[in-house]
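Novice: In our numbering, the protein residues as written are 1 to 103.
Here it is, the structure in full.
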Amino acid sequence: MAMSKIKKGDTVQVIAGKDKGKSGKVLSVDVKKNKVVVEGVNMISKHEKPSAVNPDGGIVHREAAFDLSNVMYLANGKPTRIGFKVEGDKKVRFAKSTGEVID
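Spelled out as structure tokens, the structure:
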């Protein structure tokens, strides 16, 4: 089973693409497709038909998914790599630049 070092709820910074330098909270991660959706980043305009949820329809602005490799975890406001280590009997993520345990 594939595993991602970035999880939902993490704060990340975009390191490549049109939104390079922007940061935000991860809304979702698709491990199989290697995609991530970040709050306020990679905004698109989507045309929607009228429906029960949106009776008027029209143009809706929302975040689009982009490649997981284009983001880095933010630890204390600085982008860092993430590693795994075993503490006791638990596998935890840690920031490689500071050595601080994330979860």
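Ideal Cβ positions, reconstructed from N, Cα and C, are used throughout, including at glycine.
Measuring CB to CB, does residue 19 end up less than 8 Å from residue 34?
Specialist: Numbered from 1 along the sequence shown, position 19 holds the residue referred to as residue 19. Numbered from 1 along the sequence shown, position 34 holds the residue referred to as residue 34. Against a cut-off of 8 Å, the Cβ pair of residue 34 and residue 19 comes out as no contact.
Novice: Does residue 97 come out as helix, strand or coil in the three-state DSSP assignment?
Specialist: Taking the sequence shown and counting its residues from 1, the one referred to as residue 97 is at position 97. In this structure, residue 97 counts as coil in the three-state DSSP scheme.
Novice: Can you tell me where the beta strand (DSSP E) holding residue 104 begins and where it ends?
Specialist: The question about residue 104 has no answer here: the residues shown for the chain are numbered 1 through 103.
Novice: Pull up the CB-CB distance for residue 28 and residue 37, whole angstroms please, since I reckon it's below 8 Å.
Specialist: Position 28 of the sequence shown, counted from the start, is the residue given in the question as residue 28. Position 37 of the sequence shown, counted from the start, is the residue given in the question as residue 37. Yes, they are in contact, since the Cβ atoms of residue 28 and residue 37 sit about 5 Å apart, within 8 Å.
Novice: By alpha-carbon positions, which one of 100, 48, 55 and 51 ends up nearest to residue 73?
Specialist: By 1-based counting over the sequence shown, the position of residue 73 is 73. Of the candidates 100, 48, 55 and 51, the one whose C-alpha sits nearest the C-alpha of residue 73 is 100.
Novice: Taking the alpha-carbon of residue 96 as reference, which of 83, 88 and 89 has the nearest alpha-carbon?
Specialist: Numbered from 1 along the sequence shown, position 96 holds the residue referred to as residue 96. Measuring from the Cα of residue 96, the nearest candidate turns out to be 83.
Novice: Select from 26, 54 and 45 the residue whose C-alpha is nearest the C-alpha of residue 6.
Specialist: Counting from one through the sequence shown, the residue named residue 6 turns up at place 6. Looking at the Cα atoms, 26 is the closest of the given residues.
Novice: Kindly say whether residue 42, judged by its beta-carbon, lies nearer than 8 Å to any beta-carbon of chain B.
Specialist: The question asks about chain B, but that chain is absent: this structure has only one protein chain.
Novice: How about residue 48 and residue 63: are their beta carbons less than 8 Å apart?
Specialist: As a first step, residue 48 must be located in the sequence shown, where it is residue number 48. As a first step, residue 63 must be located in the sequence shown, where it is residue number 63. No, the pair does not count as a contact, with Cβ atoms beyond the cut-off.
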